[in-house]
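Remarks on the structure that follows.
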Amino acid sequence: MTATKETHAFQTEVKQLLDLMIHSLYSNKEIFLRELISNASDAADKLRFEATTDDALFEGDSDLNVFIDIDKENRTITIRDNGIGMSRDEVIANIGTIARSGTKEFFGQLSGDQEKDAHLIGQFGVGFYSSFLVADKVTLTTRRAGLEHEHGVRWESAGDGEYDLDTVEKAERGTEIILHLREEASEYLDDWKLKSIIHKYADHIPFPIRMMGTPAAAEEGEEVKPAEIETVNQASALWTRPKSELTDEDYNNFYKHIGHDFEDPLARLHQKLEGKYEYSLLLYLPKRAPFDLWQLEAKHGVKLYVRRVFIMEANEDLLPRYLRFVRGVMDTNDLPLNVSREILQKSPAMEAMKKGATKRVLSMLEDMAKNAGTADESDEINTDYADFWSEFGNCIKEGIIEDAANRDKISSLLRFATTQSDEQSVSLSEYVSRMQEGQDTIYYITAESLAAAKHSPHLEVFRKKGIEVVLLHDRIDEWLTSHLTEFDGKKLQSISKGELDLSNIGENAAEEKKEQEEKAKAAGPAVEKIKEALGDKVKDVRTTDRLTESPACLVSDQFDMSSNMERILKQAGQNVPDMKPILEINPDHELIQRLAKMRSQDKISDFSSILFDQAVLAEGALPEDPAGFVRKVNELLCK
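Residues 1 to 639 (UniProt numbering) are what the sequence shown spells out, left to right.
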């Protein structure tokens, strides 16, 4: 066999992660065992799945297990599995580099605050690299199932920026990791300590985790009996066990295993569903959004098992994409073990599972939302749903767009800021319950920030009449409102699009409408002068009753794209058709009344241009000629 020892440099991101991890996770060192056992379990899962179509991969040994050995004299811990193993290329890809979308964004989010960064690092998934929390040298030897013995691979590193890679003989398939412990990690040479960590994090692993037991005490004159191998964990799938047997700690530790998280989950759902199709669900809501929640290529979500055999993970055939933050497992007996993506897409059992799981996750969120703000026995206010919404609210908004079948249920989960509350805490049901007499429409405004929405001139008449307006300021809201057009029989209407008719709302509405018509008639000359001055910059000029303080505002035609949507698309590099706005003027404003009396065409032109550019600025955009706008305003100030 040709010697193939090579020395490689770690990818820059790996070196960065190792340094961050060792300094940020020093108080959570024990997770190294959780992560390595989790990897070993995944390797066994993959082998069992691949062997359903190629039994030869078992190589005559189908007793899948994880073995942990302590060598106190040499200060090493060995974690060995007989799972799928890795080829040389897989070792380089999986251990030498981080080939993951969003890596740059992840490092950009790190703050230097060790406690906050620890949560981010946990969400990123430290996996194999957690070995260096306790070890100053790590030796990994592996061989992929199905390859010949001479295709074993040895990887070794002191975590100092380089690793050695060698081709070796390895008789058994699978992976062996030897941790050479740091001096300050001596406590992990205690078998009792390791067993307690296994019970805490890996009791549910569906493969036996074995260790050498403590030798039995011998009576005087008897020989000491050798220690026997013992299975440390229960080795049963946790989701198959009755709820009555499980504690909160059992559930939380399982979540930390599958979610690679340091925190307990926000909520969980454990159900066995029976009917035409039978399946089990154990699903969790994390407390915090993963760093790559918005990366299209990111793998998120739920693991699918068939008869407790792992099949696949993070597939939109299990849950819709807008629920990608959910973690957990789904297990069924109604699919073949050699299931493929094509079979999944056509399987009525899979479709029923997806519908059932989606319905139950939404119901869990409904229950959380109903209990929000209530006090428990200790008088502590329940903020779970508010916490959930701040992390995952925009995902739920995607559901309005993607999941028409559940749109009514999802719309009841939405929370918004309004002119009565800066917090994103107001449901559409609450809004409807506070509607004015005569009001049959839910009014909203979209803007690129909460401040821009709150200070929009479009709100002036609504404040005067005491009508609540929903303030939308997330990018997705423009798409949301194009799909959510009504709620509880009430139409949703943008206050910056189309004509506005508030004549049925409030006291003296009829008198106000008549008075407005008279003012519009009186402002006719001003309208004509501005329309002529602005020419094709606008689609139309008209009077409005939207404004009480500002002289003018821009509105879009009823079926045109909003100015905010136009800005979003332009910022994304999209070609946007030229949409001319409508300029609405306030006939009560002094500037409009002065303009109506002007005779100089130059003055009328400058005044009209300033009014238009001011309205553009109020929308959060820049005038077409910012320098020209400043010059005209300065001239006006000087006069």
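Even for Gly, the Cβ is constructed at its ideal location relative to N, Cα and C.
Small disclaimer: the values here were computed from a predicted structure and weren't measured.
Of all C-beta pairs linking the region 526 to 534 to the region 454 to 471, fewer than three are shorter than 8 Å, placing the two stretches out of contact. Its chain contains Y322, L365, W389, I410, L413, L414 as the residues whose beta carbon lies nearer than 8 Å to that of I396, once the 5 sequence neighbours on both sides are disregarded; these appear in chain order. A386 has its alpha-carbon roughly 13 Å from the corresponding atom of D422. Contact annotation, A596 with A523: C-beta distance approximately 7 Å; criterion of less than 8 Å satisfied. Take the alpha-carbon of S427 and the one of F416: they are about 6 Å apart. In the displayed model, D331 falls within a strand according to three-state DSSP. Following the DSSP letters along the chain, one finds G628 inside the alpha helix (DSSP H) bounded by residues 626 to 638. The three-state reading of DSSP puts A523 in coil, since its state is none of H, G, I, E or B.
With distances taken between CA atoms, F207 lies nearest to L238 out of L238, W192, E148. Excluding sequence positions up to five before and after L591, its CB lies within less than 8 Å of the CB of P551, F607, L611, all in the same chain and listed in chain order. Under the three-state reduction of DSSP output, F310 falls in the strand class.
Residue range 174 to 181 is occupied by the beta strand (DSSP E) that includes L179. Going by beta carbons, T141 and I178 fall inside the 9 Å limit. Beyond the five residues adjoining it in sequence on each side, D477 comes within less than 6 Å, by CB distance, of T446 in the same chain, given in chain order. In chain order, Y322 place their CB closer than 6 Å to the CB of E398, counting only its own chain and leaving out the 5 sequence neighbours on each side. Residue pairing by DSSP puts G152 in a beta bridge opposite V168. Taking all protein chains in view, the Cβ of W294 is surrounded by fewer than 16 other Cβ atoms within 10 Å, so the residue is classified as exposed. Exclusion of the five residues before and after F254 leaves H204, L238 as the residues of its chain whose Cβ lies within less than 6 Å of its Cβ. DSSP, reduced to helix, strand and coil, places S494 within a strand of the structure shown. Rounded to the nearest angstrom, the gap between the Cα atoms of L269 and V14 is 35 Å. In this structure P286 is in contact with P265, their Cβ atoms being roughly 6 Å apart against a cut-off of 8 Å. Beta-bridge analysis with DSSP links D540 to I582.
T76 and E172 have their C-alpha atoms some 21 Å from each other.
In the three-state scheme derived from DSSP, where H, G and I count as helix and E and B as strand, A9 is classed as strand. When DSSP reads this structure, K272 sits in a beta bridge with S280.
Cβ-Cβ separation between F32 and S131: approximately 6 Å, consistent with a contact (criterion under 8 Å). Beta-bridge analysis with DSSP links S556 to K497.
The Cβ-Cβ distance between A349 and L335 falls below 9 Å. In terms of Cα proximity to I568, the closest of K491, R542, R475, L617 is R475. With distances taken between CA atoms, N233 lies nearest to S196 out of S196, R241, G620, D261. Leaving aside the five residues that flank A369 on each side, the residues in its chain whose CB is nearer than 7 Å to its CB run, in chain order, Y385, L413. Per DSSP, reduced to three states, the secondary structure at T4 is coil, with no helix or strand assignment. Bounds of the beta strand (DSSP E) holding D81 are 76 to 81.
With contacts defined as CB atoms closer than 9 Å, A40 and I95 fail to qualify as a contacting pair. By the beta-carbon neighbour count (other beta carbons within 10 angstroms, threshold 16), Q614 is buried.
Straight across, the Cα-Cα distance linking T383 with F559 is about 39 Å.
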